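Engineer:
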Amino acid sequence: MNISKNLSLVLSSKISRSLQRYTPIVALESTVLTHGLPRPQNLQLARDMERTVREEGATPATIAFLDGHLHIGLNDQELERLANAEEPYKVGPRDFARVITDEANGGTTVAGTMLACKHANIKVFATGGIGGVHRESSFDISADLQALATIPMIVVCAGAKAILDLPATLEYLETMSVPVVGYGTDDFPAFYSRESGLDVSVNLDNPQDVVEFAKAHWNAGLQSAVLVANPVPLADAISKSEMEPIIEKASKEARQNGIHGQALTPFLLQRISELTTGKSMRANLSLLLNNARLAAQIAGALRTTEKRKLA
Ligand code: PSU
Ligand code: MN
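Be aware that the sequence shown starts at 29, since it is given in our numbering, and climbs by one per residue.
(1) For the beta strand (DSSP E) containing residue 189, name the first residue and the last one.
(2) Using only alpha-carbon positions, find the residue among 101, 93, 113, 107 that is nearest to residue 120.
(3) Between the Cα of residue 106 and the Cα atoms of 39, 306, 46, which residue gives the shortest distance?
(4) Give me, in chain order, the residues of the same chain whose beta-carbon lies closer than 8 Å to that of residue 112; leave out the 5 immediate sequence neighbours on both sides.
(5) For ligand 1, is there any heavy atom lying closer than 7 Å to the beta carbon of residue 285?
(6) Using DSSP bridges, identify the partner residues of residue 39.
(7) Would residue 252 pass as a contact of residue 178 if the rule is Cβ separation under 8 Å?
(8) Alpha carbons only, please: which of 247, 246, 257 is nearest the one belonging to residue 229?
(9) For residue 193, I'd like the list of residues in its chain whose CB is within less than 8 Å of its CB, leaving aside the five on either flank, ordered along the chain.
(10) Report the CB separation of residue 53 from residue 86 in whole angstroms; it is logged as a contact under 8 Å.
(11) Let me know if residue 336 comes out buried or exposed under the rule of 16 or more other beta-carbons within 10 Å of its beta-carbon.
(12) Compute the minimum distance between the beta carbon of residue 227 and the heavy atoms of ligand 2, and state whether it is under 7 Å.
(13) Does the Cβ of residue 168 lie closer than 7 Å to at least one heavy atom of ligand 2?
(14) Could you name the residues of the same chain whose beta carbon sits closer than 7 Å to that of residue 58, not counting the 5 residues immediately before and after it, in chain order?
(15) Tell me which residues share the same chain as residue 128 and place their Cβ nearer than 7 Å to its Cβ, disregarding the 5 neighbours each side in the sequence.
(16) In chain order, which continuous runs of the beta strand (DSSP E) of length 3 or greater are located wholly inside the segment 60–94?
(17) What residue from 124, 84, 78 has the CA that sits closest to residue 104's CA?
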């Protein structure tokens with residue numbers, strides 16, 4: 029183990045330029061590539077998400093560890109390396125030291141990506157679904173919630189993954205002062221489904237309003253994130269009643285096989301994809317792109333607001 033290792037940030041040339049010129053940036057996580065999706069869909073998705081962000085006029089920053097260095101923005105060759113890496117780490121905040129000292133490759137979770145954004149001063153981030161309180165064990169609480177509680181940025185997701193205890197997850201977010209913005213909805217989205225039957229904090233339906241809301245939140249002295257919950261596009265949504273028995277079945281299998289900790293979320297996502305013969309994966313891909321698009325629009329609105337303030 030190399031004990032003198034510090035965090036080494038590697039900014040891609042595009043991200044360095046964008047930070048200098050103050051143009052909009054959207055961070056993208058990479059656990060979804062290393063642990064959330066199978067090959068080759070993972071690499072395809074990574075490229076599609078980056079393209080979607082660019083189409084909306086922002087610069088994508090996929091964040092990941094390569095050889096123990098924290099990369100902010102990957103070029104295509106690096107994306108490919110990550111997507112095909114052998115036994116990559118799943119890197120949340122507590123795994124930073126391990127991936128650095130092992131000089132390993134890893135995909136950053138929502139929480140890990142947020143920690144990276146804090147170092148790189150990136151304020152907008154798109155993901156699929158955040159982690160939360162697991163159903164089987166109320167002690168299995170994703171570090172994503174802790175990161176949302178302490179890192180001030182705008183995180184766009186399609187709600188929390190439906191495999192979770194959603195009421196408990198929302199309670200936790202309330203305790204940690206994380207406002208949940210329903211994007212064009214009063215109902216907290218449940219990842220594969222557009223609705224969960226649970227309330228959001230506020231319903232906003234355009235990027236500018238999201239930015240103003242976030243500014244008001246931070247100006248009130250809070251250091252927590254603003255979570256934007258963007259429902260999966262209608263064409264790819266799966267109803268709650270269709271998903272629930274499948275989630276129950278996958279959760280039961282996880283319990284029977286003693287799967288827990290970091291392995292639980294990837295196991296459930298994969299089992300659900302098998303049980304729905306790929307339908308859940310299509311919903312997953314669709315919502316990821318939808319979130320990348322919205323995050324890019326929000327990043328654009330944020331830059332406009334800040335430039336106006338500077339002028
Ligand atoms: N959303 C997806 N697929 C994923 C994840 C989210 O559509 O693979 C990942 C995220 O990186 C999230 C992580 O941070 O799962 C949560 O893992 P855990 O529950 O172990 O904290
Ligand atoms: Mn967990």
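Beta carbons: idealized from backbone N, C-alpha and C, even for Gly. Quantities reported herein were computed from a predicted structural model and do not represent experimental measurements.
Structural biologist: Checking against the coordinates, here is how it stands:
(1) Along the sequence shown, one-based indexing puts residue 189 at 161. It is not in any beta strand (DSSP E) - residue 189 carries neither H nor E in the DSSP assignment.
(2) Counting from one through the sequence shown, the residue named residue 120 turns up at place 92. When only C-alpha atoms are compared, the closest one is 93.
(3) Counted from its first residue, the sequence shown places residue 106 at position 78. It is 39 whose Cα lies nearest to the Cα of residue 106.
(4) Counting from 1 along the sequence shown, the entry for residue 112 is found at position 84. Excluding residues within five positions, the ones whose Cβ falls inside 8 Å are 67, 71.
(5) Within the sequence shown, the letter at position 257 stands for residue 285. No - ligand 1 has no heavy atom lying nearer than 7 Å to the Cβ of residue 285.
(6) In the sequence shown, counting from the first residue as 1, residue 39 sits at position 11. Its beta-bridge partners are 100.
(7) Along the sequence shown, read from residue 1 onward, the residue named residue 252 stands at position 224. Along the sequence shown, read from residue 1 onward, the residue named residue 178 stands at position 150. Yes, Cβ-Cβ distance for residue 252 and residue 178 is below 8 Å.
(8) The sequence position of residue 229 within the sequence shown is 201, counting from 1. Residue 257 is the option with its Cα nearest to residue 229.
(9) For this step, residue 193 is matched to residue 165 along the sequence shown. Excluding residues within five positions, the ones whose Cβ falls inside 8 Å are 160, 161, 162, 163, 166.
(10) Translated into positions along the sequence shown, residue 53 becomes position 25. Translated into positions along the sequence shown, residue 86 becomes position 58. Yes, residue 53 and residue 86 are in contact; Cβ-Cβ is about 6 Å, under 8 Å.
(11) As a working note, residue 336 is residue 308 in the sequence shown. By the neighbour-count rule (16 or more Cβ atoms within 10 Å), residue 336 is not buried but exposed.
(12) Working through the sequence shown from its first residue, we reach residue 227 at position 199. Checking every heavy atom of ligand 2 against the Cβ of residue 227, none is found closer than 7 Å.
(13) Reading the sequence shown from its first residue, position 140 is the one you call residue 168. Yes.
(14) Counting from one through the sequence shown, the residue named residue 58 turns up at place 30. Excluding positions up to five away in sequence, the list reads 90, 91, 92, 110, 135, 136.
(15) Along the sequence shown, read from residue 1 onward, the residue named residue 128 stands at position 100. Excluding positions up to five away in sequence, the list reads 33, 35, 96.
(16) 87–94
(17) As a position in the sequence shown, residue 104 is number 76, starting the count at 1. Residue 104 has its Cα closest to that of 78, out of 124, 84, 78.
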